[in-house]
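Worksheet: the structure to be examined is printed underneath.
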Amino acid sequence: MPMLIGKFHKLIQSKLLWGLFLGIVVIAFVGLYMVDYLVPSADERSVISAGTLDGEDVSHQEFRHAYVNSYLSLALAVGRAFNVNDKIEAQLREAAWKRVAALKKVAQMNLSASDTEVVAAIKNHPGFSDQGQFNKAIYGAFVARVLKPMGISERGFEEYIREEIGINKLRQMLQQSLLVSPYEMKRTFNSISDSFQIEYVAITEEDVVDKVEVTEEDARTYFEDNRDDFMLPEKVRVEYVRFPVASHMSDIEVMEDDMLAYYEQNILDFAIDTNAVDEGTDAVSEDSAEEAAEVVDVPQETSSDESVVETAGEEEAADAAESVNDTNDMPEAFVDMAFMSDNEASAETEDDETTKPFDEVRDEIESILRRKAALYRTADYATDFVVKLAPDRDGNAPDFETAATDFGLEVMSLPPFASGDELEGIESPAAFERAAFSRELLPDEYFSDAILGDDYVYVLALKERIKPQIPEYEEVADKVKEAASIDMTVVRLKEQAEAVGEGARAALQEGKTLEDVARKFDLEITKPAEFTAASGIEENPYSDYIVRTVLFLNENEISDPIPTEDCLLIVHVAKRTPGDPTAFATIRDQLVGSIIRERSSTLFQDWQSYLLKEGGFEEKLQPEPEEEL
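The sequence shown begins at 1 in the numbering used here and counts up by one.
Encoded structure:
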């Protein structure tokens, strides 16, 4: 016992032991009392969240994930990666929030897809098949040549497919609640099978120009009745300085590794034979392409997990194929993004013969990276100028002109401009305008941050805000007369078209023809060849307008005035021949499926909107301008 007590006495006198014991105590107490600091409160989580839904915060990561996959859905639909402007950005954000709501419902109803379902969806899609069999080389080419340039990994794509399957299960649950009446089926059948013989007249501005005369009194009356239409919008007057990017080009050294990385990340830009990719890009609307002005920043989805396509067994994949309702429901445009021909598919993606070798495009890449680096270095220099404009602790700061002189810059100006006005000499007008209208006439808010252009970086200073105001008539007399003339022309066109329509109906009752009425109004009559809804009227600019109208007209009926881009049409259905009634039974199921698919698409969109509304959705994350630094 004395020996035991002696050892214990030595033990408790050990500095090392007491040091360890003290460390344990400190850690325990710090962990106990710091937990409130490590775990954010409800209020703190609310501030750092992207939004709230169903009383819960949606993290930035969750929203960004939904945004990336919404972008991917649209990219697959149009056939390529695309640029994003303000309009598309708003649509993508809305789609992302709807996706968040739908995925929450998928999780609540336990509709998530298994690995085998994901494998089945990918392996059974014709876009990745060669002679009916899944082709790993084609899928690999898709990953390397389509997904990788968008910053999306193979694992990220598979998770996207998993989400799509779950959402599709939700959509099909809604479809099951839809019913199609016999009347709807018959009406749809008639619409696509009946053939039409028509005649029509077009009433244009030239037909009523002699009836349009705007007097001074008419113009003043129109102005008084529509004063708000002529309100002058808010305008701003600014001064600005610009920093030339060229002045920093010679200072930039581009590293070989950076050029190689750029080459790999933008490999599609260096393709020689782009036929396969072009087939997909044909699906992109020209309007969307023209509107796109800013490249979307899609973060790469990363994961250390192996691809489920690689890990799942072939038999499991085959069994799961039967449980996937319709793998073709996934975007089919990526079939045309292929990506690769049969010969290309057998080659390694990295050594694809259709891609220019790095050495051939090295100088081009170096120039791109040099210019990009110079642009950002110029922006850094412009930011130094911005910092100089900021007041110090005592509120002292040089004025814009003085600071510009110190930097050796010329102060330039623009006439007062409103949103949407053309800004002469400005390379990035959208960003410039946004910066100008977001400034305030305060010592620390009248100047902008650096605004990136192509050859210049700008910094502007707000000098004056001009409030919206209704002008005197004399200031806008020409615009008033023009607007009044357009308004009167529309009225006269409508009156003329209605007169022609009423005259045609009366003429038919009297046994006369539309041609008799056309002659009376000095109009030319057009008689296209017989057509159906499926065929349309060949080489006729009004085909779509006419087809949509005659589907709801019986034989020998006259349409109401049909507005088009350049005229009003009056159409007479001279003959409507029913289609073969025996074909109805043959296509009945297709008709039902078509009607349900059309309805379910709208229904699902509305249901997603309802989920957001029901969940008390509130967005807290606002998009920031990409052009400003």
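Note that beta-carbon positions come from the ideal geometry of N, C-alpha and C, so glycine has one too.
If you draw a straight line from the C-alpha of residue i to the C-alpha of residue j, how long is it?
i: Glu408; j: Tyr376; result: Note that residue 408 corresponds to Gly in the displayed sequence, not to Glu. Each residue's alpha carbon lies about 20 Å from the other.
i: Pro581; j: Ser195; result: 13 Å
i: Val68; j: Val146; result: 14 Å
i: Leu174; j: Gly156; result: 27 Å
i: Ser247; j: Val480; result: 49 Å
i: Val476; j: Phe432; result: 28 Å
i: Phe358; j: Met259; result: 9 Å
i: Ile587; j: Leu452; result: 58 Å
i: Arg371; j: Asp269; result: 17 Å
i: Pro391; j: Val411; result: 20 Å
i: Gln469; j: Val236; result: 13 Å
i: Lys527; j: Gln509; result: 20 Å
i: Glu159; j: Asp257; result: 31 Å
i: Glu427; j: Gln172; result: 49 Å
i: Val459; j: Ala435; result: 9 Å
i: Phe447; j: Leu232; result: 25 Å
i: Asn343; j: Ile267; result: For Asn343, the predicted model reports a pLDDT of 39, less than 50, meaning its position is unreliable and no value from the coordinates is stated.
i: Leu76; j: Leu551; result: 33 Å
i: Asp225; j: Ala219; result: 10 Å
i: Asp406; j: Pro149; result: 44 Å
i: Leu591; j: Gln91; result: 31 Å
i: Ala529; j: Asn110; result: 56 Å
i: Ser485; j: Asp421; result: 24 Å
i: Glu184; j: Phe604; result: 20 Å
i: Glu495; j: Asp57; result: 57 Å
i: Gln176; j: Glu565; result: 40 Å
Less than 8 Å between the CB atoms is what I'm expecting for residue i and residue j, so what's the real figure, rounded?
i: Ile546; j: Ile558; result: Contact doesn't hold; Cβ gap of about 13 Å is too wide.
i: Arg657; j: Lys211; result: Residue coverage of the chain in this structure runs from 1 to 629, which leaves residue 657 outside it and unanswerable.
i: Phe385; j: Ala403; result: 6 Å
i: Ile203; j: Val500; result: 6 Å
i: Thr355; j: Ala271; result: 6 Å
i: Tyr456; j: Pro244; result: 6 Å
i: Tyr263; j: Ile365; result: 6 Å
i: Gly51; j: Lys613; result: Incorrect: roughly 13 Å between the Cβ atoms, too far for contact.
i: Ile165; j: Ala113; result: 4 Å
i: Leu596; j: Val180; result: Note on residue identity: the sequence assigns Ile, not Leu, to residue 596. Yes, they are in contact, since the Cβ atoms of Ile596 and Val180 sit about 6 Å apart, within 8 Å.
Please tell me whether residue i and residue j are closer than 9 Å, where the distance is taken between their beta carbons.
i: Phe437; j: Glu199; result: no
i: Leu611; j: Lys169; result: no
i: Gly615; j: Ala101; result: yes
i: Phe189; j: Phe584; result: yes
i: Val208; j: Ile161; result: no
i: Leu369; j: Val214; result: no
i: Ala461; j: Val238; result: yes
i: Phe400; j: Leu53; result: no
i: Ala533; j: Tyr222; result: no
i: Ser59; j: Ser49; result: yes
i: Lys575; j: Glu555; result: yes
i: Leu178; j: Ser594; result: no
i: Asp454; j: Ala374; result: no
i: Thr489; j: Glu216; result: no
Who are the Cβ neighbours of residue i in its own chain at under 6 Å, not counting the five residues just before and after it?
i: Val201; result: Ala518, Leu523, Ile525, Ile570
i: Ser543; result: Gly536, Ile537
i: Val277; result: Caution applies to Val277, whose pLDDT of 36 falls short of 50 and renders its modelled position unreliable; the value that the coordinates give is listed next. Once the five neighbours on either side are set aside, Val277 has no close Cβ partner at all.
i: Leu568; result: Ile203, Leu493, Ala497, Pro561
i: Asp516; result: Ala507
i: Ala312; result: Confidence at Ala312 is low in this model, with a pLDDT of 44, below 50, so its placement is unreliable and no value can be given for it.
i: Phe230; result: Val476
i: Ala81; result: Ala75, Met150
Residues in the same chain with beta-carbon distance under 7 Å from residue i, minus the five sequence neighbours each way, listed in chain order, please.
i: Ala95; result: Ser70
i: Thr577; result: Asp194, Ser195
i: Glu163; result: Asn69, Leu103
Within a Cβ cutoff of 8 Å, which residues of the same chain sit near residue i, ignoring the five residues on either side of it in sequence?
i: Leu423; result: Leu414, Phe417, Pro429, Phe432, Glu433
i: Phe128; result: Ile122, Phe134, Asn135, Ile138, Tyr139, Phe142
i: Arg505; result: Ile558
i: Arg227; result: Ile470
i: Ser609; result: Lys98
i: Gly395; result: Pro443
i: Leu63; result: This sequence places Phe at residue 63; Leu is not what is there. Ala50, Gly51, Ala96, Trp97, Val100, Leu621, listed in sequence order.
i: Thr602; result: none
i: Met249; result: Arg370, Arg371, Ala374
Quiz prompt | Those runs of the beta strand (DSSP E) which lie wholly inside the segment 530 to 604 and span at least 3 residues | solution = 568 to 577
Quiz prompt | Segments assigned alpha helix (DSSP H), at least 4 residues, entirely inside the segment 425 to 478 | solution = 429 to 437
Practice problem: Note down, one range per segment and in chain order, each beta strand (DSSP E) of at least 3 residues found wholly within the segment 130 to 201. | Solution: none
Exercise. Only counting runs of 4 or more residues, tell me where the alpha helix (DSSP H) segments fall wholly within the segment 189 to 261, in order along the chain.
Key: 216 to 225
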